[in-house]
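Asks:
Spelled out as structure tokens, the structure:
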């Protein structure tokens with residue numbers, strides 16, 4: 013759940029938003045994770061953007077920005 017919230021985070025449509033942390037330093041098959049979550053009854057959306065973007069930017073509190081490009085071939 014979101015930090016500093018008193019209770020669960022609920023959308024306007026009464027859906028719960030769950031913040032999930034995956035284990036670090038463990039390889040994940042993100043396509044498989046996306047497929048399994050998307051096929052789980054009750055899950056509306058995952059927030060995983062598999063094969064949707066070619067580049068992402070990570071902004072840090074200190075002002076630094078990290079750019080990460082996809083390794084997929086076009």
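Numbering (the working numbering), first residue to last: 13 to 86. C-beta atoms are modelled at their ideal positions from N, C-alpha and C, and glycine is treated no differently.
#1: Who are the Cβ neighbours of residue 27 in its own chain at under 7 Å, not counting the five residues just before and after it?
#2: Are the beta-carbon atoms of residue 64 and residue 71 separated by less than 7 Å?
#3: How many angstroms separate the CA atom of residue 61 from the CA atom of residue 33?
#4: Which partner residues does residue 71 have in the DSSP bridge list?
Replies: Short version:
#1: 56
#2: no
#3: 16 Å
#4: 77
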